[in-house]
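Here the structure comes first, spelled out in structure tokens, and everything after it is commentary.
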Amino acid sequence: MIKPKRDRRNQSLYFAGEGSFTKGYFDSPQDFSRFNGTLKYHGSINNTSTLSATLTAFTSRWNATGQIPDRAVESGMIGFYGAIDNTEGGKTSRHNANIELQSNLDNGAVWRNQLYYSKYRFELYSNFTFFKEDPVNGDQVRQKETRDIVGYNGSYQKEYFLGNISTETNAGVLVRYDAVNNIELTRTKNRTINTNELMMGDVNELNTAAYWAQRFSISKRLDITGALRADYFTNCYNDHLASAVLTSHSTIISPKLNINYRVNDNIQLYLYNGKGFHRNDTRVAVQQDGKNVVPPAYGTDLGGIFKLGKKLVFQSALWYLWLDQEFVYVGDEGVVEAGGQTRRFGLDISARYEVIKNLFADMDVSLANARALNIPKGENYLPLAPRFTSVGGLIYRKENGWNGSLRYRFMDDRPANENNSVNAKGYFVVDAAINYTKKKWEAGLAIQNLLNTKWKETQFNTESRLQNEPASVSGIHFTPGTPFFARASFTLLF
Numbered sequence: 000m001i002k003p004k005r006d007r008r009n010q011s012l013y014f015a016g017e018g019s020f021t022k023g024y025f026d027s028p029q030d031f032s033r034f035n036g037t038l039k040y041h042g043s044i045n046n047t048s049t050l051s052a053t054l055t056a057f058t059s060r061w062n063a064t065g066q067i068p069d070r071a072v073e074s075g076m077i078g079f080y081g082a083i084d085n086t087e088g089g090k091t092s093r094h095n096a097n098i099e100l101q102s103n104l105d106n107g108a109v110w111r112n113q114l115y116y117s118k119y120r121f122e123l124y125s126n127f128t129f130f131k132e133d134p135v136n137g138d139q140v141r142q143k144e145t146r147d148i149v150g151y152n153g154s155y156q157k158e159y160f161l162g163n164i165s166t167e168t169n170a171g172v173l174v175r176y177d178a179v180n181n182i183e184l185t186r187t188k189n190r191t192i193n194t195n196e197l198m199m200g201d202v203n204e205l206n207t208a209a210y211w212a213q214r215f216s217i218s219k220r221l222d223i224t225g226a227l228r229a230d231y232f233t234n235c236y237n238d239h240l241a242s243a244v245l246t247s248h249s250t251i252i253s254p255k256l257n258i259n260y261r262v263n264d265n266i267q268l269y270l271y272n273g274k275g276f277h278r279n280d281t282r283v284a285v286q287q288d289g290k291n292v293v294p295p296a297y298g299t300d301l302g303g304i305f306k307l308g309k310k311l312v313f314q315s316a317l318w319y320l321w322l323d324q325e326f327v328y329v330g331d332e333g334v335v336e337a338g339g340q341t342r343r344f345g346l347d348i349s350a351r352y353e354v355i356k357n358l359f360a361d362m363d364v365s366l367a368n369a370r371a372l373n374i375p376k377g378e379n380y381l382p383l384a385p386r387f388t389s390v391g392g393l394i395y396r397k398e399n400g401w402n403g404s405l406r407y408r409f410m411d412d413r414p415a416n417e418n419n420s421v422n423a424k425g426y427f428v429v430d431a432a433i434n435y436t437k438k439k440w441e442a443g444l445a446i447q448n449l450l451n452t453k454w455k456e457t458q459f460n461t462e463s464r465l466q467n468e469p470a471s472v473s474g475i476h477f478t479p480g481t482p483f484f485a486r487a488s489f490t491l492l493f
């Protein structure tokens, strides 16, 4: 990264670049490559306005082993890091331009205007079911699109008094337009031969929104914030296979209410309530004429932040989330399945403790219960919804000299289907890092999966058919998690 010194006009220019390549840890080489670049300018236009402009670029390509079935590993057909179809993989790129003007108005308000543009390309080859649909050529699918995104965000923020009550207004408008050209879902063989066209077309999406939030500081201890947001969607799908153009329109209003209460300097309580929505795929939205495609979601959080002594900070929250409709996108079929109403509730706990000077211990724990509604008990589990997760560890931090960390990640077993007869196995993984930092340079060693645990990163209960099987079989399919991996680094600081 290059960061020139600021000049007398309070201007700065940053540039950063990164490139990486790896063959990966799979039996079939991943040949993953990635390149990133960022150029950012920030400066004052006059005494009241500042301008920020950013250009970023990202490109990547890879081969993949995809999801593999438990039964293929258990039978010895392939290894834990093996593949059924090693021609999976893909490539993607994204180029972004962003410009933002912040102006301080004479009345004390802050007015922000942001314009952005993104060019996104995506091509992915996957094979989830192997030979279930096409016993001769296999079930590999290609998902491909080129997307142009342009948008505007504008906001107005001002603090003032209404009598003796301090208040703040935050209002804004948002506009985003997506033009997705030649969106494609086809069945392929070895990435080169098209065997069947499933969906071909162009997608155009427009989302406009406006919001207003008002915070009232009733006293030095109590803040109440009410907000309202309105979203409008226009969806258009030009179906190349059916030679038809379908459009739809949807609107949703989302209110929110937040309450913060400071008991004292060591205890802060909060209650957050709000309505949002679950956005559906354009290709489904147009088929339903925009009806029931932005179903509401209602959520609430009740929690607090507690400072216990000088070294311990504790935070806890009870939460609840209700969805009017849970959508599941089936990528290899190009359809969205409606899952009905669902509800989730749980408890999140976080703790931060300074063991000794510069040594900190932390732990986050999340307990959750997720169920489908209006479904008989015992058949209403939400597949792959986490039940118990935790992250934490030790961090030793100094500005110069030795720094390091020892961290863990834990995921408990969770249901993989609706009746919990199939489980996705959990994992416990430990990572470590050590660095030596000086004013002009830093050297470090990072280790993923310090204990070399065999763990499954993603898991799905999928029905598939291997080439030598007479019929399809349902069971866990997974991608293996990273084994023991060490990476050394050396950084020059300018």
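If you're matching positions, the sequence shown starts at 0 in numbering that gives the first Met the number 0 and goes up one per residue. Ideal Cβ positions, reconstructed from N, Cα and C, are used throughout, including at glycine.
Residue i vs residue j beta-carbon contact at 7 Å
{"i": "Ile223", "j": "Phe215", "result": "yes"}
{"i": "Gly88", "j": "Ala63", "result": "yes"}
{"i": "Ala432", "j": "Ser404", "result": "yes"}
{"i": "Leu245", "j": "Tyr236", "result": "yes"}
{"i": "Glu99", "j": "Ser51", "result": "yes"}
CB contact below 7 Å: residue i versus chain B
{"i": "Thr388", "result": "Among the protein chains of the structure shown there is no chain B, as only one such chain exists."}
Local conformation of residue i per DSSP, three classes
{"i": "Gln66", "result": "coil"}
{"i": "Ala415", "result": "coil"}
{"i": "Val429", "result": "strand"}
{"i": "Gly18", "result": "strand"}
{"i": "Val72", "result": "helix"}
{"i": "Leu383", "result": "coil"}
{"i": "Phe483", "result": "coil"}
{"i": "Thr281", "result": "helix"}
{"i": "Gln466", "result": "coil"}
{"i": "Gln10", "result": "coil"}
{"i": "Gln447", "result": "strand"}
{"i": "Gln139", "result": "coil"}
{"i": "Gln287", "result": "helix"}
{"i": "Thr37", "result": "strand"}
{"i": "Val172", "result": "strand"}
{"i": "Tyr80", "result": "coil"}
{"i": "Glu456", "result": "strand"}
{"i": "Ser389", "result": "strand"}
{"i": "Ile217", "result": "coil"}
{"i": "Lys274", "result": "strand"}
{"i": "Glu398", "result": "coil"}
{"i": "Val293", "result": "coil"}
{"i": "Leu492", "result": "coil"}
{"i": "Lys130", "result": "First, the residue type needs correcting, since residue 130 is Phe and not Lys in the sequence shown. Coil."}
{"i": "Lys438", "result": "coil"}
{"i": "Asp323", "result": "coil"}
Identified DSSP bridge partners for residue i
{"i": "Ser117", "result": "Asn95 and Ile148"}
{"i": "Lys310", "result": "Lys310 pairs with nothing; no bridge assigned."}
{"i": "Leu372", "result": "The partner list for Leu372 (beta bridge, DSSP) is empty, contrary to what the question assumes."}
{"i": "Gln101", "result": "Thr49 and Arg111"}
{"i": "Asn193", "result": "Thr187"}
{"i": "Arg351", "result": "Val312 and Asp361"}
{"i": "Pro254", "result": "Leu227"}
{"i": "Gln29", "result": "DSSP output for Gln29 lists no bridge partner at all."}
{"i": "Val472", "result": "Ser463"}
{"i": "His248", "result": "Thr233"}
{"i": "Thr166", "result": "Tyr159 and Phe215"}
Assigned exposure category for residue i - 16 Cβ within 10 Å defines buried
{"i": "Ala371", "result": "buried"}
{"i": "Leu322", "result": "buried"}
{"i": "Ser48", "result": "exposed"}
{"i": "Asn434", "result": "buried"}
{"i": "Arg282", "result": "buried"}
{"i": "Asn467", "result": "exposed"}
{"i": "Thr490", "result": "exposed"}
{"i": "Pro254", "result": "exposed"}
{"i": "Val561", "result": "Residue 561 is absent from the model: the chain starts at 0 and stops at 493."}
{"i": "Phe477", "result": "buried"}
{"i": "Phe130", "result": "buried"}
{"i": "Arg413", "result": "buried"}
{"i": "Asn369", "result": "One point to set straight first is that residue 369 is Ala, not Asn, in the sequence displayed. With 16 or more Cβ atoms within 10 Å of its Cβ, Ala369 is classed as buried."}
{"i": "Pro494", "result": "Summary: the structure shown does not reach residue 494, with the chain confined to residues 0 through 493, and so no result is reported for it."}
8 Å contact criterion, which residue i and residue j should meet: CB distance rounded
{"i": "Thr554", "j": "Asn136", "result": "No information on residue 554 is available, as it lies outside the stretch 0 to 493 that the chain covers here."}
{"i": "Thr145", "j": "Asn95", "result": "Not quite, the Cβ-Cβ distance comes to about 15 Å (not below 8 Å), so this is no contact."}
{"i": "Phe493", "j": "Tyr24", "result": "So it is not a contact: roughly 34 Å between Cβ atoms."}
{"i": "Asn152", "j": "Gln113", "result": "4 Å"}
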